[in-house]
């Protein structure tokens, strides 16, 4: 009999421990997926509406922040190019699309996001106009090299005969040299 009593006591003790554990555990409430989806959708809409209201004045002011694009190589500015008014007007027309995009992506309003937006627009301008920008840059480089060569050719000092011949040969290839210089500075 004592074995039966010990077994009963062990069973009662185990049942008591199980009951205590069961009472200490709280089960999650049943969730209605439709209500949860509706609630989350409403929260997202409110967040996006708040972001739209915050971004709209910033994006509207964006064209006034666009003055020039700089292409640099380390600390050295290779060239600057003024952003034209037609591009700024195009940006102004796209305010609502830009605000909608920023809000849908949940882009928080902070200084880094503002700077990134301005930089992204400048990069878009550079990408859109790279052909004419590079052509202008090459023309400027060629003009500078031609002017330097002209000064060497028209040097009035008597010891310039060897220099003049070298300058003349450089004058003939100044366009190619300018293109090579441009590619070298761009790191290609």
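Numbering (our numbering), first residue to last: 53 to 240.
In this text, a Cβ means the ideal position worked out from N, Cα and C, and glycines have one as well.
Keep in mind that this is a model prediction, so the values were computed, not measured.
Residue burial classification, residue 78 (beta-carbon count within 10 angstroms, cutoff 16):
exposed
Outcome for residue 193 when other beta-carbon atoms lying within 10 angstroms are tallied against a minimum of 16:
buried
CB-CB under 7 Å to residue 89, same chain, minus the five flanking residues each way: which ones, in chain order?
none
Residue 164 in three-state terms, based on DSSP
helix
Could you tell me how far apart the beta carbons of residue 135 and residue 119 are, in whole angstroms, since I believe they sit closer than 8 Å?
6 Å
Decide if residue 235 is buried, meaning its Cβ has at least 16 other Cβ atoms within 10 Å, or exposed.
exposed
Paired residues, beta bridge with residue 129 - DSSP:
DSSP lists 124 as the beta-bridge partner residues of residue 129.
Straight-line Cα distance separating residue 189 from residue 157
Looking at the two C-alpha atoms, the distance is approximately 37 Å.
Nearest CA to the CA of residue 122: which residue from 75, 76, 176?
176
Can the beta-carbon of residue 105 be found less than 7 Å from the beta-carbon of residue 155?
no
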